[in-house]
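Structure, as structure tokens:
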Amino acid sequence: MEQTVEFAPATGVLSLIWLLVAIPLASAAVLLLLGRRADKWGHWLGVLSVAASFVLGLVFFANLAGLESGSRSAELSLWEFIAVGKLQVDFGLLFDPLSGVFVLLITGVGSLIHLYAVGYMEHDPGRRRFFGYFNLFVAAMLLLVLGNNYVMLYFGWEGVGLASYLLISFWYTRPSAATAGKKAFLMNRVGDAGLAIGIFIMFATLGTTDYGAVFNGLSGLSATTVLVLGLLLLIGACGKSGQFPLQAWLPDAMEGPTPVSALIHAATMVTAGVYLIARSNPVYTANETLQLVTVAVGAITLLMGCIIGAAKDDIKRVLAWSTVSQIGYMFLGVGLGGGAYALAIIHLLAHGFFKANMFLGAGSVMHGMHDQVDIRRFGALSKHMKITWLTFATGWLAIIGIPPLSGYFSKEPIIAAAFEREVAWEAWVFGLAALLGAGLTAFYMTRLFVLTFHGPARWTEDNQHPHESPLIMTIPLILLAIGSVAAGWLMSTSVADWLTPVFGAEQAEPHGVLSHTMITILSLVVTVIGAGLAWSLFRRGTALEPQPAGVVVTAARRNLYTDAFNEAVFERPGIYLTRALVFLDNKGVDGVVNGIAAAVGGGSGRLRRLQTGFVRSYALSMLTGAMLVVGAFIAIQLGWLV
Amino acid sequence: MTPDYYLVLATILFTIGATGVLIRRNAIVLFMCIELMLNAANLALVTFSRINGSLDGQIISFFVMVVAAAEVVIGLAIIMSIFRTRRSASVDDANLLKY
Amino acid sequence: MSDFPFLSILTLLPLVGAAVVAFIPRSKAELAKLVALVWSLVVLALSIFMWAAFAVDGDRFQFHESYPWIPAWGANFTFAADGIALVMLMLIAILFPVVILASWHDVDQSKRSAPAYFALLLTFEFTMIGVFAAADVFLFYVFFEVMLIPMYFIIGSFGSGQKQYAAVKFFLYSLVGGLFMLAAVIGLWVVGGRTFDFAELAQGAGSLDTNTARWLFLGFFVAFAIKAPFFPFHTWLPDSGGAAPAGAAALLVGVMDKVGTFGILRYCLSLFPEASRWFAPAALTLAVIGIIYAALLAVGQNDLKRLVSYTSIAHFGFIGIGIFAFTTQAGTGAVLYMVNHGLATGLLFIVVGMFVARRGSALVSDFGGAGKLVPVLAGVLFFAGLASLALPGTAPFVSEFLVLIGTFSTHKGFAVVATLGIILAAAYVLWMIQRTTQGTLNPALTEVPAMSKDITLREKVVVAPLIALLLVLGFYPKPVTDVINPAVQATLQDVGTTDPAPTAVADGKVGG
Amino acid sequence: MEQLELPSIDYAALLPMLILFGAACVGVILEIVVPRKVRNGIQLGLSLLAVVAALVAVVVERGTRTITIGGAVAVDGPTLFLQGSILVLGGVSLLLIGERTVEKGGAFVSQAAITVGSKKDMEQASGQPGSTEVYPLTTFALGGMLLFVAANDLLTMFVALEVFSLPLYLLCALARRRRLLSQEAALKYFLLGSYASAFFLFGVAFIYGFAGGIQLDKVHAAVANPTQSQVLLYAGFGLLAIGLLFKAALAPFHVWTPDVYQGAPTPVTAFMAACTKVAAFGALLRVLYVAFEGVRWDFQPVLGTIAVLTMFVGAVLAVTQTDLKRLLAYSSIANAGYLMVGVLALNDEGLSSTMFYLVAYGFSVLAAFAILSLVRDADGEATHLSRWAGIGRKSPLLAATFTFVLLAFAGIPLTSGFTSKFAVFGAAVEGGQTWLVIFGVITSMLLAFPYLRVVVLMWLSEPGESTPAVSIPGFLTSAVLGIGVLVTLGLGVAPSPLIDLTRQAADFVR
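The following block contains the structure:
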């Protein structure tokens, strides 16, 4: 771990990387500021700007690839952002292999989803506004991955949070959407606070927030400091990526339009936590405990996501919990460290394709089914929307890891890596968890797929007229389906190599508790069992109403009681605390002041009664005063006082 | 006989006067009590004049008498006018101004 | 450096304007408004010139002017501005025209005289500029007290709701603080060698008796803590902010309350360095309590203007910890926070005022789904909310970040608790937004004809400069931080503290 | 028989007093000889002329530092300054007393001897010209006050005390309206005043016994080297002080103040609040600084306690007052407390700041009472607070003026109230009496409330049916108002000239 991290300054074409952020940002500004004047063409500007960023991203990527592998990075300082005392933070960008792949993912998948949204949002009066927010999101997300220091990352981090909020509560007149947006922002802020404190620690201990300087200074920090720092970053990552214990907002975020769920809450933003940990890999590599915690978070979340996902009936919620679960895999990967960093990123990219694919597919289904989201009321849609069915099938097969689709190439290695933990019990626990997760994934995704597209139709022709979506929506679906099929195989080795400058060369494989072949076989077996079980159970459809169920299913339906926990431990006490404080402030703090005023007034009211109006009582008070004064003087003189 | 006794007497007279103001109601009596206090002071002055062996005290007491006379003029005038209106010389009746 | 007497002219200009406006008859209200606006713009122009003339790397105090006043007491009309005062003066100069324009129709419906209102606003500007430009403790005190009067009448005469109660409470609270400060000023004057000159007093600050200095510090601090306000001296602000006309409320929290934090920075820290260090833990505790406490209270408010007032108290907690953390970053952050908070909360109050003017009520429960009717206005409200919760990209982020990062390097615990405040900030802003502009449309709103009128051109002109400034300073705060930084460093030098070195570097494990 | 040595008399130094006493005597004669119709103008002119002449004499004598007529009168800096102040304030008060247009016939009853409520009384109430005895009475009182602040022995002081008190007792009884109240006020003032003088005199006797003389320098010498029992000194000093504290209205000897201020005709109240205060504190200053300076450590705590008590009584009781005149009375009590803080500084600064305070307060209080005299209804002045609701809407100028004066009382900067408070508090801190300043500050907070209540009532309340009309001020009242407000503002903004003057004047001769 004695390597020093250095970034080469941006030269040539690469010094224009700021355009990546600037173009969508400018487009967002135009869309939001021009107002209704841009209604007619606004969505096309939105699509174009992201597409332009994608093209630029490709150019930059090619340029980066053209650099020598030792200096394959481009750092660019735009201006001094904050320069106070020793704190020097530049508005700086960094284009390196890691941010490069993210740029391509964001702009690539982003372009497709933007295109899709043109069709999806066609009848929505707020389409221009939608594209404004969408572009804002892309700009913020690009800033997040392109920043060359943690403050820039934080900048983008909160920016995507804002965009996410705006888009979740896009249909703000629905109370549920408004609440979901708020919930997302708040839980994200919890994570953000952790990230912020992490940044404070960097400055307090190392005097810098630049990636390079922080990583190089890590060796000077105590283990505890590194642990605390890493944990704080992990909190941030959990918040953004919907990981345990900050996962509750992500399923609710499905209140937003489906393209939003696809882009933000599946493909890109929610993976920012993975990016953060991968970016901070020197921190995590430096501390064993930290890795263990990260792995644990990943394992817990991936199981939790699967279990809950298996019990949900809302197509988007199932996909959302699936996202939670899949990101759990990624956390598992980045937590494992070493070669698994690259595996996590590969899974992230693959997931970006197949999950976006499925979300858009879900959107297409909803589009055709009059915004119905309950999978119990679908069925037999394969006949009515062929393209959607086929593309969704690729996503389904990809996510459950059927070779040679992408999921197989990205997920299976992570399971294997989990079994390769050095400590045996860890290897067994996390390995088996990952394996179990694979089985469960196969189960619930198959359930979803079967209930939606196969079995008997559980909708009626009276109010539902399933039809295929227009071309502008299906073309992105097709392209994403191709990605879902091919991406894994394409990326499995190339991306790992490409990311070597960031994560370091892959170390010698320690021998795991099970052989690699064994794991491959096992994971395929559990997948097939899970999928087969689901197929046989749901092949003939399901009841339209929820059926009484056992403890596990009930718990899963209620999100394993995590929401209840949050409500009981945070929300209710918070509300009571707020009410109590309002009371305290009015009656207590202000009461003291008003009390003093009242006391003065009351005292005054009583004292003035002493002014009786009788001249003799006045004389008495004078005489008393006189006696006291003279008495005091004499007492002083006799030495009794003073 | 030491002059101190006169001082004691003066103090007693003064106290009688000061207390009298408190316990009597009639304005005239009240006023007379105040005169008593002034005269107690006169007695004390004369006594001190004797003790100190200077004439100043005696001279002062003449001045005091004059001043007291002037006070009577004013006082009686005021008391008179009130008496005319209220048909009462009780100071306790005059308590419209209070609190 | 310039010999032009910027500060005295800047101070007197609004007073003259106030006199002019006051003599315009009621029947010509529009003329009065126009004169007031133009006058405040002239002040703004002069301020811009002054900003340009300020030499960033020059002396700490510039534009020094001094005219004898009461020689027997050593009191002079001494004006001087350091970077901190300069940015505050600039903020004042910017906010006043905006507020005047925003308050254009505030008095039209009432029975009160419009020229009087605008004359009061200009008088208030006079006292505000004076208090920041003064470099003589006596002069400062005079402005400190006199500024109550115009604001008292603005709240009392032109406010709404419990305006009398609020006005009296405001006045008495401030006066109580002011009188504590008076005692301290007198004490300082006596022990400090019968001079009021800030520079001289600051020079002799080290020779004060420790106990005396602590008592004097307390006198000043209480006054400033009430003004700022810090917990537990805050209860006047929600009442005043709730009752004042929205524009005036923007000035109240945007500018006037800054006198408190400015006073602590300028007077408490520089004049009583030892006492400042001694009291710092207590002050930090109050500030942090204020952040959390006021934020929770803000969540629980049902009156928009009171809510914004509580958010302000929370923000002042941030400024407070920034001041008492005694690091360059925190100090600069605190001053920058003062500016940004003025812009952000000013904007928030003004926008809330636009809502209230339309609805005729400031109660949150009287709104609901208003975004459907007035989308642009709702957007502006949302933006103001974002600035208030210090989202990156808006100016307050930079200051909050600086405050927290600077505080963390000396007081970890305080910084961590304060950081939790940013979560609560999101809670109160979003909860407010949700209850007013989002959700199902409150049917009562459709019955109010004014609610269907989205932002007007005048209102656009009002909010545009503030939004622009918030964004520009959010991305490029350097011009302001560069002005503030030297003054903060000089202040910290007075206090006698230095920034801690990064611990890893200090341990010699990493080359700095 | 030894040769009687006649004391030398510096007539020039005594001239101001001589002028006033002379003018007063002339005034009494004029009362007899001048026909009723023109009497008012002539009397007013005469008394004003006397005041101006006396003032000129004071100014001419400004450099004099002497003790004359056998040690009875000291003409020194404080004397001249205070005499000047009394004359200026007295002159302004005379304008108020001379006002005859605001109310038909003026504020004074035409014949005080007429029984209240009788048929004749009804007749005279409806506009018979007011009595003109008030002018010689006022002039006598002014003369007495001049002598009071100059008195260098205790006898002179006693005589002067009576000379200015007796006319005041009478003046109090001369109100045209609400005569019962007026008479009651006079009675109370008279009885309590005489009671206090008796204490004063008894104290004089003791001091005489202690020091063997009554000249202040003799007392001072005896205090330094006592030959008699100290009990005499302390008992004497205590009793003596009571007489002075009574006039200065310090608690618990303030009890007369609210009743008398409320009952007396408003111009007389103004006169008392402004001039009596100057005279009383002038004498108090002289006694404490010249005669008893040697026992300062003993009396500072006692008088300090009295000062604190006074401030609290004044401030707390003012809070719930409902009558404006009474409110101002309590405010004047509290102000006496603040003045005492300055007195107890017992240094040059204390002396000069107290004198500054006296002048500043005098002008403000004159303006305040002048305004009170303008707000009237059919029954005369409407002094009940509730009647002032919303008056700012009806007569903004008057309300603004009154607000300004109230702000001055509250000690807001840019008014003389602030500079004077600052001066006395500063002196006290310098004199080591910080505790007094702290109490002073606390009571100032309390005291702000009643003032603010009035301001709220005037501006922020809606005018009701019962809000009285405001009379158009006559020329004289306008002059008083103008002078009062201008001086209040002037001393607030540029107090330097007066401060310098008080400093130059701050040296007692012994």
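Chains as they are written, first to last, in our numbering: chain G, 4 to 645; chain S, 2 to 100; chain P, 237 to 748; chain C, 4 to 513.
From the three backbone atoms N, C-alpha and C, an ideal C-beta is built for every residue, glycine too.
- Neighbourhood of C:G246 in chain S, by CB distance below 7 Å: empty, with the nearest CB roughly 11 Å away.
- Linking G:M494 to G:I417 through their CA atoms gives a straight-line distance of about 14 Å.
- Chain P has no Cβ within less than 8 Å of the Cβ of G:K319.
- In the DSSP assignment, C:Y138 falls within the alpha helix (DSSP H) that extends over V137 to A153.
- Note on geometry: alpha-carbon atoms of G:A602 and P:A435 lie some 43 Å from one another.
- The three-state reading of DSSP puts C:R379 in strand, counting E and B together.
- Annotated as distal: G:G223 and G:L279, with beta-carbon spacing of 8 Å or more.
- Residue range Q298 to I306 is occupied by the beta strand (DSSP E) that includes P:W305.
- With contacts defined by Cβ atoms closer than 8 Å, P:P351 and P:A484 do not form a contacting pair.
- One finds nothing in chain C with a Cβ atom closer than 8 Å to the Cβ of G:A602; even the nearest lies about 10 Å away.
- Between G:W538 and the set G:L454, G:G486, G:L480 and G:M333, the nearest pair of CA atoms involves G:L454.
- The Cβ of P:Q400 sits closer than 8 Å to at least one Cβ of chain C.
- Leaving aside the five residues that flank G:R450 on each side, the residues in its chain whose CB is nearer than 6 Å to its CB run, in chain order, A537 and F541.
- With 16 or more neighbouring CB atoms inside 10 Å of its own CB, G:I20 falls in the buried class.
- Residue-level contact check: S:L97 touches chain G, since one or more beta carbons of chain G fall below 8 Å from its beta carbon.
- Here C:H387 carries a strand assignment [DSSP, helix/strand/coil].
- C:A251 places its beta carbon less than 8 Å from that of C:A339.
- Comparing alpha-carbon positions, the option among G:E574, G:E291, G:A281 and G:P178 lying closest to G:V229 turns out to be G:E291.
- Around the beta-carbon of G:D500, fewer than 16 other beta-carbon atoms lie within 10 Å, marking it exposed.
- Contacts with chain G at 8 Å (Cβ-Cβ) include C:W259.
- Under the 8 Å Cβ criterion, the region 680–700 of chain P counts as touching the region 587–602 of chain P, having at least three qualifying pairs.
- Under a 10 Å Cβ-count criterion, G:K186 is classified as buried, with 16 or more other Cβ atoms of the shown protein chains found around its own Cβ.
- DSSP places P:N312 inside the beta strand (DSSP E), whose first and last residues are A311 to A317.
- Not flagged as an interface residue toward chain P: G:R282, since no C-beta distance is shorter than 8 Å.
- With a threshold of 8 Å between beta carbons, G:G628 makes contact with chain C.
- Using beta-carbon distances, G:E425 does not count as an interface residue toward chain P, since no partner is under 8 Å.
- Taken in chain order, no unbroken stretch of beta strand (DSSP E) lies wholly in the region 538–610 of chain P with a span of 3 residues or more.
- Any Cβ of chain P closer than 8 Å to the Cβ of G:A240 would place that residue at the interface, and such an atom is absent.
- For C:V432, the number of other beta carbons within 10 angstroms of its own is at least 16, and it is reported as buried.
- Taking 9 Å as the Cβ-Cβ cut-off, the region 2–14 of chain S approaches chain C at L8, A11 and T12, given in chain order.
- Under the 10 Å beta carbon count, C:K280 is surrounded by 16 or more other beta carbons and is classified as buried.
- Here C:F240 is not near C:A225, since their CB atoms are 8 Å or more apart.
- Here DSSP, grouped into helix, strand and coil, assigns C:T446 to helix.
- Using a CB distance cut-off of 8 Å, C:W462 counts as an interface residue toward chain P.
- Of all C-beta pairs linking the region 472–483 of chain P to the region 445–458 of chain P, fewer than three are shorter than 8 Å, placing the two stretches out of contact.
- Residues of the region 188–203 of chain G with a C-beta atom less than 8 Å from some C-beta of chain P are F188, L189, R192, V193, D195, A196, A199, I200, I202 and F203, listed in chain order.
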